[in-house]
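Structure first, commentary second.
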Amino acid sequence: MIRFYENASGFSETSEWHPRCWVNVIMPTTDDVAYLTEELCLPEDFLDDISDVDERPRLERNGKWMMAILRIPVYESGRDVPYFTVPIGVMLNGDYIVTVCNFRNALTDDFIEHTRKRGIVVRSSVDFILRLLNSSAYWFLRYLGNINSNMTRYEQALRASIRNEELLNLLNVQKSLVIFAASVKGNKMLVERLKRVRFDDIDTELLEDVQIEISQADSTIAIATNMLDRTLDTYASVISNNVNAIMKRLTSISIILMVPTLVASFYGMNVDVGIPMDNPWAFPVIICAALLVTILVCIWLRKVRWL
Numbered sequence: 003m004i005r006f007y008e009n010a011s012g013f014s015e016t017s018e019w020h021p022r023c024w025v026n027v028i029m030p031t032t033d034d035v036a037y038l039t040e041e042l043c044l045p046e047d048f049l050d051d052i053s054d055v056d057e058r059p060r061l062e063r064n065g066k067w068m069m070a071i072l073r074i075p076v077y078e079s080g081r082d083v084p085y086f087t088v089p090i091g092v093m094l095n096g097d098y099i100v101t102v103c104n105f106r107n108a109l110t111d112d113f114i115e116h117t118r119k120r121g122i123v124v125r126s127s128v129d130f131i132l133r134l135l136n137s138s139a140y141w142f143l144r145y146l147g148n149i150n151s152n153m154t155r156y157e158q159a160l161r162a163s164i165r166n167e168e169l170l171n172l173l174n175v176q177k178s179l180v181i182f183a184a185s186v187k188g189n190k191m192l193v194e195r196l197k198r199v200r201f202d203d204i205d206t207e208l209l210e211d212v213q214i215e216i217s218q219a220d221s222t223i224a225i226a227t228n229m230l231d232r233t234l235d236t237y238a239s240v241i242s243n244n245v246n247a248i249m250k251r252l253t254s255i256s257i258i259l260m261v262p263t264l265v266a267s268f269y270g271m272n273v274d275v276g277i278p279m280d281n282p283w284a285f286p287v288i289i290c291a292a293l294l295v296t297i298l299v300c301i302w303l304r305k306v307r308w309l
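Structure representation (structure tokens):
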């Protein structure tokens, strides 16, 4: 789907392309790809790079075209890992500003709405990339808040009852945090790359703001990742201790049940063990002896804290 936006006081949609307008392409169809390559003469290898979901952030040139790839966060319910990141490409060539993303995302719509509310005028193509990076940092932090809420809920469920479902949910949260951390670091490297490339029209104040926002997202994700790693290690230790406690109790029960069985086995042999078979007190004596030994074993197991 292709949409055209002009920037006067924020981005507003227009019906057709004109110089300096923004061409926003989400989930491009075959016709969209044909328009980009034939009408706008966009290099096909740029589109191939964007179609790779694992493409890393970078800055690249191809003739008169320059492409910046950054990673943006996306949420899709129903997935094992609902929070993940996808690449979005920003292609620049004089009057052309083209963005291509193969996934639906909330970032671009929010970016457009934000420019309208604030009346933001994008003065250059590099300014556009920086503002998009700034918006990505905001959405990383926003989704991170949701992830932290989910993590707290899963931890509370684990305190009540340790089940595989909650542990797997925490594992999926950990995957999201790892993906977010790698993507933010890639965007951070892209900002450093933009600093090294000499742009006459770069906004140094905006650049500093973007660096601060991305650094904040990076540090916040790192803190959440460390906390989750320690939480999982703690629950792994708890599970191990619980298993050990259960095995000790089962072993204690086995020992207790073995004692009367052993006594009965001795007196069930066809040999003289000191009590005549015709003695009316034989059975009560054997039962009492088995109970006495069993009680002594229970006392000993309690003393060594196996019961």
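In terms of the numbering used here, the sequence shown is residues 3 to 309. Glycine included, every Cβ here is placed at the ideal spot set by N, Cα and C.
**Study point:** Bridge-paired residues (DSSP) for Thr16
**Key:** Translated into positions along the sequence shown, residue 16 becomes position 14. For Thr16, which the question treats as bridged, DSSP gives the partners Phe6.
Check your understanding: At which residue ranges does the region 13-81 contain complete beta strand (DSSP E) runs of 3 or more residues, listed in the order of the chain?
Key -> 13-16, 24-28, 60-64 and 67-77
Point to revise | Val193: first and last residue of the uninterrupted alpha helix (DSSP H) it sits in | key: Walking along the sequence shown from the start, residue 193 turns up at place 191. Taken as a continuous stretch (DSSP letters only), the alpha helix (DSSP H) holding Val193 covers Asn166 to Arg198.
Check your understanding: Would you call the CB atoms of Leu230 and Gln158 closer than 8 Å?
Key -> The residue given as residue 230 occupies position 228 in the sequence shown. The residue given as residue 158 occupies position 156 in the sequence shown. No; because the gap between Cβ atoms is not below 8 Å, this pair is not in contact.
Practice item. Grab me the residues of Ala219's own chain with a C-beta within less than 7 Å of its C-beta, minus the 5 sequence neighbours each way, in chain order. Key: The residue given as residue 219 occupies position 217 in the sequence shown. Contacts found: Ala139, Phe142, Leu143 and Val186.
Review point. By a C-beta neighbour count over all protein chains shown, 10 Å radius and 16 as the cutoff for buried, is Arg133 buried or exposed?
Key: Translated into the one-based positions of the sequence shown, residue 133 becomes position 131. Buried, by the Cβ-count rule.
**Study point:** Spatial neighbours of Gly65 in its chain, beta-carbon cut-off 8 Å, leaving aside the 5 residues before and after
**Key:** Locating residue 65 in the sequence shown gives position 63, counting from the first residue. Closer than 8 Å at Cβ, skipping near neighbours: Pro45.
Review point. What is the rounded straight-line gap between the Cα of Val88 and the Cα of Arg73?
Key: Indexing the sequence shown from 1 puts residue 88 at position 86. Indexing the sequence shown from 1 puts residue 73 at position 71. Val88 and Arg73: Cα-Cα distance of roughly 5 Å.
Exercise for review: Report all residues from its chain with a CB closer than 6 Å to the CB of Leu61; omit the five preceding and five following residues, and keep chain order.
Suggested key: As a first step, residue 61 is located in the sequence shown; it is residue number 59 there, counting from the start. Around Leu61: Ala70 and Arg195.
Check your understanding: Under a three-way DSSP split, which group does Leu94 fall into?
Key -> For the purposes of this step, residue 94 is taken as the residue at position 92 of the sequence shown. Leu94: strand per DSSP, three-state reduction.
**Study point:** Cβ pair Leu179, Tyr237 closer than 8 Å
**Key:** Position 177 of the sequence shown, counted from the first residue, corresponds to residue 179. Position 235 of the sequence shown, counted from the first residue, corresponds to residue 237. Not in contact: Leu179 and Tyr237 (Cβ atoms no closer than 8 Å).
Review point. Per DSSP, Thr101 is paired with what?
Key: Taking the first residue of the sequence shown as position 1, residue 101 is located at position 99. Thr101 is bridged to Asn26 and Val92.
Point to revise | Spatial neighbours of Val92 in its chain, beta-carbon cut-off 6 Å, leaving aside the 5 residues before and after | key: As a first step, residue 92 is located in the sequence shown; it is residue number 90 there, counting from the start. Here the set comprises Ala70, Thr101 and Ile131.
Point to revise | Nearest-angstrom Cα separation, counted from Thr296 out to Val261 | key: Stepping through the sequence shown from its first residue, residue 261 is reached at position 259. Stepping through the sequence shown from its first residue, residue 296 is reached at position 294. Taking the straight line joining both Cα atoms gives about 6 Å.
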